[in-house]
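Scroll down for the structure; my scribbles are underneath it.
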Amino acid sequence: MSLSGGPLDPGDTLHLRPGGSRRAGETGALRSTVVALASTVLFFGVVGWIVVNAPGWPAVQESFLNGRVFAETFGFIKGSFVWERSILRAFLVNVQLFLIAEVLILVLGLVLAVLRSLPGPVLFPLRAFATVYADIFRALPGILVIYLLGFGIPGLGIAGIPVDPFIWAVVALTLIYSAYVSEVYRAGIDSVHPSQGAAARSLGLTQFQALRHVVLPQAVRRVIPPLLNDFIGLQKDTVLVSYIGVVEIFRQSQIKQAATFNFTPYIAMALVFIVVTIPLARLTDRLVARDRKRQLAGAA
(Lines of atoms letter the chains of each structure in order from A and count residues from 1; the text may use other names and numbers.)
(Lines give C-alpha, C1' and ligand atoms only; values in the text may rest on other atoms or scores of the structure.)
Protein backbone atom coordinates (compact mmCIF):
# COMPACT_ATOMS: atom_id res chain seq x y z
CA MET A 1 0.00 0.00 0.00
CA SER A 2 1.28 3.44 -0.93
CA LEU A 3 0.84 6.60 1.08
CA SER A 4 -2.77 7.83 0.84
CA GLY A 5 -3.06 9.99 3.91
CA GLY A 6 -4.45 7.25 6.14
CA PRO A 7 -2.75 5.26 8.86
CA LEU A 8 -0.33 2.53 7.81
CA ASP A 9 -0.89 -1.10 8.65
CA PRO A 10 2.05 -3.15 9.86
CA GLY A 11 2.27 -4.91 6.50
CA ASP A 12 2.21 -1.78 4.40
CA THR A 13 5.27 -0.82 2.36
CA LEU A 14 6.54 2.70 1.59
CA HIS A 15 7.31 3.27 -2.09
CA LEU A 16 9.70 6.21 -2.61
CA ARG A 17 10.84 7.40 -6.01
CA PRO A 18 14.58 6.86 -6.55
CA GLY A 19 16.46 10.14 -6.56
CA GLY A 20 13.52 12.09 -5.18
CA SER A 21 15.41 13.29 -2.13
CA ARG A 22 18.37 14.25 -4.31
CA ARG A 23 16.20 16.34 -6.64
CA ALA A 24 14.54 17.97 -3.65
CA GLY A 25 17.94 18.86 -2.23
CA GLU A 26 19.12 20.31 -5.55
CA THR A 27 15.93 22.37 -5.84
CA GLY A 28 16.38 23.71 -2.31
CA ALA A 29 20.01 24.59 -2.98
CA LEU A 30 19.07 26.40 -6.21
CA ARG A 31 16.34 28.34 -4.44
CA SER A 32 18.75 29.35 -1.66
CA THR A 33 21.31 30.52 -4.22
CA VAL A 34 18.75 32.61 -6.09
CA VAL A 35 17.50 34.20 -2.87
CA ALA A 36 21.04 34.97 -1.72
CA LEU A 37 21.97 36.47 -5.11
CA ALA A 38 18.81 38.58 -5.24
CA SER A 39 19.26 39.89 -1.70
CA THR A 40 22.91 40.74 -2.39
CA VAL A 41 22.07 42.63 -5.58
CA LEU A 42 19.27 44.46 -3.80
CA PHE A 43 21.50 45.44 -0.87
CA PHE A 44 24.34 46.79 -2.99
CA GLY A 45 21.84 48.43 -5.32
CA VAL A 46 20.32 50.35 -2.41
CA VAL A 47 23.75 51.31 -1.08
CA GLY A 48 24.85 52.45 -4.55
CA TRP A 49 21.69 54.52 -5.00
CA ILE A 50 22.24 56.22 -1.63
CA VAL A 51 25.88 56.99 -2.48
CA VAL A 52 25.31 58.43 -5.96
CA ASN A 53 22.43 60.56 -4.73
CA ALA A 54 24.36 61.97 -1.78
CA PRO A 55 24.94 65.76 -1.88
CA GLY A 56 28.72 65.40 -1.92
CA TRP A 57 28.90 62.60 -4.50
CA PRO A 58 30.09 64.79 -7.44
CA ALA A 59 33.03 66.08 -5.40
CA VAL A 60 33.91 62.60 -4.13
CA GLN A 61 33.66 61.17 -7.64
CA GLU A 62 36.01 63.83 -8.97
CA SER A 63 38.52 63.30 -6.13
CA PHE A 64 38.52 59.49 -5.93
CA LEU A 65 37.11 58.19 -9.23
CA ASN A 66 38.53 60.51 -11.84
CA GLY A 67 38.73 58.59 -15.11
CA ARG A 68 41.55 60.64 -16.58
CA VAL A 69 43.74 60.34 -13.48
CA PHE A 70 42.90 56.64 -13.24
CA ALA A 71 44.12 56.02 -16.80
CA GLU A 72 47.28 58.07 -16.25
CA THR A 73 47.98 56.16 -13.03
CA PHE A 74 48.07 52.95 -15.03
CA GLY A 75 50.29 54.60 -17.65
CA PHE A 76 47.73 55.39 -20.37
CA ILE A 77 48.66 58.88 -21.51
CA LYS A 78 47.18 60.45 -24.66
CA GLY A 79 46.18 57.10 -26.09
CA SER A 80 49.55 55.38 -25.53
CA PHE A 81 50.82 53.18 -22.72
CA VAL A 82 53.89 54.47 -20.88
CA TRP A 83 55.30 51.64 -18.74
CA GLU A 84 57.76 53.82 -16.83
CA ARG A 85 54.95 56.03 -15.47
CA SER A 86 52.57 53.25 -14.45
CA ILE A 87 51.98 51.94 -10.96
CA LEU A 88 52.30 48.43 -12.40
CA ARG A 89 56.02 49.05 -12.87
CA ALA A 90 56.26 50.11 -9.22
CA PHE A 91 54.28 47.03 -8.20
CA LEU A 92 57.12 44.88 -9.54
CA VAL A 93 59.17 46.18 -6.61
CA ASN A 94 56.50 44.83 -4.24
CA VAL A 95 56.62 41.49 -6.05
CA GLN A 96 60.40 41.36 -5.73
CA LEU A 97 60.19 42.18 -2.03
CA PHE A 98 57.53 39.53 -1.54
CA LEU A 99 59.35 36.74 -3.39
CA ILE A 100 62.76 37.34 -1.82
CA ALA A 101 61.37 37.76 1.69
CA GLU A 102 59.11 34.72 1.32
CA VAL A 103 62.01 32.38 0.61
CA LEU A 104 64.00 33.74 3.55
CA ILE A 105 60.96 33.60 5.85
CA LEU A 106 60.24 29.96 5.01
CA VAL A 107 63.81 28.96 5.85
CA LEU A 108 64.28 31.10 8.97
CA GLY A 109 60.82 30.28 10.32
CA LEU A 110 61.47 26.56 9.95
CA VAL A 111 64.84 26.86 11.70
CA LEU A 112 63.25 28.71 14.62
CA ALA A 113 60.46 26.14 14.90
CA VAL A 114 62.99 23.28 14.92
CA LEU A 115 65.05 25.04 17.59
CA ARG A 116 61.97 25.40 19.80
CA SER A 117 61.18 21.70 19.43
CA LEU A 118 64.65 20.43 20.38
CA PRO A 119 64.50 18.32 23.58
CA GLY A 120 66.93 18.16 26.47
CA PRO A 121 68.35 20.65 28.99
CA VAL A 122 71.60 21.04 27.03
CA LEU A 123 69.74 22.70 24.16
CA PHE A 124 67.77 25.05 26.41
CA PRO A 125 69.73 28.17 25.26
CA LEU A 126 68.68 27.51 21.66
CA ARG A 127 65.06 27.02 22.67
CA ALA A 128 65.19 30.20 24.75
CA PHE A 129 66.68 32.19 21.86
CA ALA A 130 63.97 31.01 19.45
CA THR A 131 61.25 31.79 22.00
CA VAL A 132 62.56 35.29 22.76
CA TYR A 133 62.97 36.01 19.05
CA ALA A 134 59.37 35.02 18.28
CA ASP A 135 58.01 36.96 21.26
CA ILE A 136 59.91 40.16 20.45
CA PHE A 137 59.16 40.38 16.74
CA ARG A 138 55.51 39.45 17.24
CA ALA A 139 55.21 42.15 19.89
CA LEU A 140 56.81 44.99 17.92
CA PRO A 141 54.74 46.87 15.32
CA GLY A 142 56.00 46.09 11.84
CA ILE A 143 56.44 49.72 10.86
CA LEU A 144 58.65 50.27 13.92
CA VAL A 145 60.99 47.43 12.91
CA ILE A 146 61.17 48.82 9.39
CA TYR A 147 62.02 52.29 10.70
CA LEU A 148 64.68 51.01 13.10
CA LEU A 149 66.44 48.93 10.46
CA GLY A 150 65.89 51.24 7.49
CA PHE A 151 67.17 54.37 9.23
CA GLY A 152 69.08 53.14 12.28
CA ILE A 153 71.52 50.64 10.80
CA PRO A 154 72.65 52.76 7.81
CA GLY A 155 72.82 55.75 10.16
CA LEU A 156 75.63 54.08 12.10
CA GLY A 157 77.99 54.75 9.19
CA ILE A 158 79.84 51.47 9.57
CA ALA A 159 82.01 50.65 6.58
CA GLY A 160 80.66 47.79 4.52
CA ILE A 161 77.11 48.09 5.85
CA PRO A 162 74.69 48.50 2.92
CA VAL A 163 72.59 51.64 2.80
CA ASP A 164 70.17 50.51 0.10
CA PRO A 165 66.67 50.75 1.63
CA PHE A 166 65.51 47.78 -0.46
CA ILE A 167 67.93 45.49 1.37
CA TRP A 168 66.78 46.64 4.79
CA ALA A 169 63.17 46.35 3.69
CA VAL A 170 63.76 42.68 2.88
CA VAL A 171 65.55 42.15 6.20
CA ALA A 172 62.80 43.84 8.20
CA LEU A 173 59.98 41.88 6.53
CA THR A 174 61.94 38.65 7.00
CA LEU A 175 62.50 39.26 10.71
CA ILE A 176 58.87 40.20 11.31
CA TYR A 177 57.16 37.41 9.43
CA SER A 178 59.59 34.63 10.32
CA ALA A 179 58.42 35.03 13.93
CA TYR A 180 54.82 34.38 12.90
CA VAL A 181 55.71 31.61 10.46
CA SER A 182 57.82 29.84 13.11
CA GLU A 183 54.70 29.54 15.26
CA VAL A 184 52.79 28.07 12.33
CA TYR A 185 55.56 25.54 11.76
CA ARG A 186 55.69 24.73 15.47
CA ALA A 187 51.95 24.06 15.53
CA GLY A 188 52.42 21.68 12.62
CA ILE A 189 55.26 19.87 14.40
CA ASP A 190 53.22 19.57 17.58
CA SER A 191 50.29 18.14 15.58
CA VAL A 192 52.38 15.12 14.57
CA HIS A 193 51.81 12.37 17.14
CA PRO A 194 54.90 11.57 19.25
CA SER A 195 54.55 7.92 18.27
CA GLN A 196 55.73 8.88 14.77
CA GLY A 197 59.08 10.03 16.08
CA ALA A 198 59.30 7.11 18.51
CA ALA A 199 58.67 4.63 15.70
CA ALA A 200 61.40 6.26 13.60
CA ARG A 201 63.83 6.08 16.52
CA SER A 202 63.00 2.41 17.03
CA LEU A 203 64.05 1.77 13.43
CA GLY A 204 67.50 3.18 14.14
CA LEU A 205 67.11 6.78 13.05
CA THR A 206 68.69 9.51 15.10
CA GLN A 207 66.65 12.34 16.62
CA PHE A 208 67.62 14.65 13.78
CA GLN A 209 66.89 12.03 11.10
CA ALA A 210 63.48 11.29 12.60
CA LEU A 211 62.69 15.00 12.63
CA ARG A 212 63.88 15.52 9.07
CA HIS A 213 62.45 12.43 7.37
CA VAL A 214 59.32 11.68 9.42
CA VAL A 215 58.05 14.63 11.46
CA LEU A 216 58.82 17.66 9.28
CA PRO A 217 57.32 16.32 6.01
CA GLN A 218 54.01 15.70 7.78
CA ALA A 219 54.13 19.00 9.65
CA VAL A 220 54.90 21.12 6.58
CA ARG A 221 52.12 19.49 4.57
CA ARG A 222 49.61 20.30 7.31
CA VAL A 223 50.52 23.97 7.62
CA ILE A 224 50.49 24.97 3.94
CA PRO A 225 47.06 26.72 4.16
CA PRO A 226 48.01 28.80 7.25
CA LEU A 227 51.29 29.71 5.57
CA LEU A 228 49.43 31.01 2.53
CA ASN A 229 47.34 33.22 4.80
CA ASP A 230 50.50 34.68 6.30
CA PHE A 231 51.93 35.36 2.87
CA ILE A 232 48.77 37.16 1.79
CA GLY A 233 49.42 39.49 4.74
CA LEU A 234 53.07 39.78 3.73
CA GLN A 235 52.11 40.82 0.22
CA LYS A 236 50.02 43.68 1.58
CA ASP A 237 52.63 44.73 4.15
CA THR A 238 55.25 45.30 1.47
CA VAL A 239 53.74 48.79 1.12
CA LEU A 240 55.09 49.65 4.59
CA VAL A 241 58.64 49.85 3.24
CA SER A 242 57.70 53.02 1.37
CA TYR A 243 58.36 54.89 4.62
CA ILE A 244 62.10 54.22 4.38
CA GLY A 245 62.39 55.40 0.77
CA VAL A 246 61.62 52.33 -1.34
CA VAL A 247 59.65 53.48 -4.39
CA GLU A 248 57.02 50.74 -4.70
CA ILE A 249 53.35 50.92 -5.63
CA PHE A 250 52.21 52.85 -2.55
CA ARG A 251 55.00 55.39 -2.80
CA GLN A 252 54.38 55.78 -6.52
CA SER A 253 50.67 56.36 -5.80
CA GLN A 254 51.63 59.04 -3.28
CA ILE A 255 53.79 60.75 -5.91
CA LYS A 256 50.96 60.74 -8.44
CA GLN A 257 48.47 61.96 -5.82
CA ALA A 258 50.74 64.87 -4.96
CA ALA A 259 51.19 65.70 -8.64
CA THR A 260 47.48 65.66 -9.50
CA PHE A 261 45.97 66.72 -6.14
CA ASN A 262 43.64 63.75 -6.61
CA PHE A 263 43.14 60.56 -4.60
CA THR A 264 42.28 58.34 -7.57
CA PRO A 265 45.79 56.76 -7.63
CA TYR A 266 45.02 55.18 -4.26
CA ILE A 267 41.88 53.56 -5.71
CA ALA A 268 43.95 52.27 -8.63
CA MET A 269 46.48 50.81 -6.20
CA ALA A 270 43.68 49.16 -4.22
CA LEU A 271 42.38 47.58 -7.42
CA VAL A 272 45.79 46.06 -8.14
CA PHE A 273 45.95 44.46 -4.70
CA ILE A 274 42.39 43.17 -4.99
CA VAL A 275 43.11 41.54 -8.35
CA VAL A 276 46.26 39.87 -7.00
CA THR A 277 45.11 38.96 -3.48
CA ILE A 278 41.63 37.51 -4.05
CA PRO A 279 42.86 34.58 -6.20
CA LEU A 280 45.40 33.75 -3.48
CA ALA A 281 42.63 33.82 -0.87
CA ARG A 282 40.47 31.48 -2.95
CA LEU A 283 43.44 29.15 -3.43
CA THR A 284 43.91 29.09 0.34
CA ASP A 285 40.24 28.23 0.88
CA ARG A 286 40.50 25.42 -1.67
CA LEU A 287 43.56 23.95 0.03
CA VAL A 288 41.86 24.15 3.43
CA ALA A 289 38.79 22.37 2.07
CA ARG A 290 40.92 19.67 0.44
CA ASP A 291 42.87 19.16 3.64
CA ARG A 292 39.66 18.88 5.65
CA LYS A 293 38.26 16.36 3.16
CA ARG A 294 41.44 14.29 3.38
CA GLN A 295 41.29 14.29 7.17
CA LEU A 296 37.65 13.16 7.14
CA ALA A 297 38.47 10.42 4.66
CA GLY A 298 41.32 9.24 6.87
CA ALA A 299 39.12 9.24 9.97
CA ALA A 300 36.48 7.17 8.15
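Residue 1 is where the sequence shown starts when you use this note's numbering, and the numbers rise one by one after that. For every residue, glycine included, the Cβ atom is placed at its ideal position computed from N, Cα and C.
Span of the alpha helix (DSSP H), counted from its first residue to its last, around residue i
i, result
"Pro-225", "224-237"
"Arg-212", "No alpha helix (DSSP H) holds Arg-212; DSSP gives it neither H nor E."
"Glu-102", "87-117"
"Leu-123", "From DSSP, Leu-123 is part of no alpha helix (DSSP H); its letter is neither H nor E."
"Glu-62", "57-64"
"Val-145", "142-147"
"Pro-194", "194-202"
Pair within 8 Å by beta-carbon distance, residue i and residue j
i, j, result
"Ala-130", "Leu-115", "yes"
"Val-69", "Gly-75", "no"
"Asn-66", "Asn-262", "yes"
"Leu-239", "Val-93", "Looking at the sequence shown, residue 239 is not Leu but Val. For Val-239 and Val-93, no; Cβs fall outside 8 Å."
"Ile-249", "Ile-87", "yes"
"Val-163", "Pro-154", "yes"
"Ala-169", "Gly-150", "yes"
Separation of residue j from residue i, as counted between CA atoms
i, j, result
"Thr-277", "Ile-232", "7 Å"
"Arg-89", "Thr-73", "11 Å"
"Pro-141", "Ala-172", "11 Å"
"Leu-110", "Gln-218", "13 Å"
"Glu-62", "Ala-38", "31 Å"
"Arg-292", "Phe-44", "33 Å"
"Ile-161", "Trp-49", "57 Å"
"Tyr-243", "Thr-174", "17 Å"
"Ser-32", "Ala-71", "40 Å"
"Thr-260", "Phe-273", "22 Å"
"Leu-296", "Arg-221", "16 Å"
"Ile-105", "Tyr-177", "6 Å"
Sheet register partners of residue i (DSSP bridge)
i, result
"Phe-76", "Phe-81"
Inset, instruction - Answer yes if the segment 226-246 comes into contact with the segment 97-104, meaning at least three C-beta pairs across the two stretches below 8 Å, and no otherwise. - result: Contact between the segment 97-104 and the segment 226-246 is present, because at least three Cβ pairs lie under 8 Å.
Legend entry - Touching by the beta-carbon criterion (3+ pairs, under 8 Å), the segment 174-185 and the segment 220-227: yes
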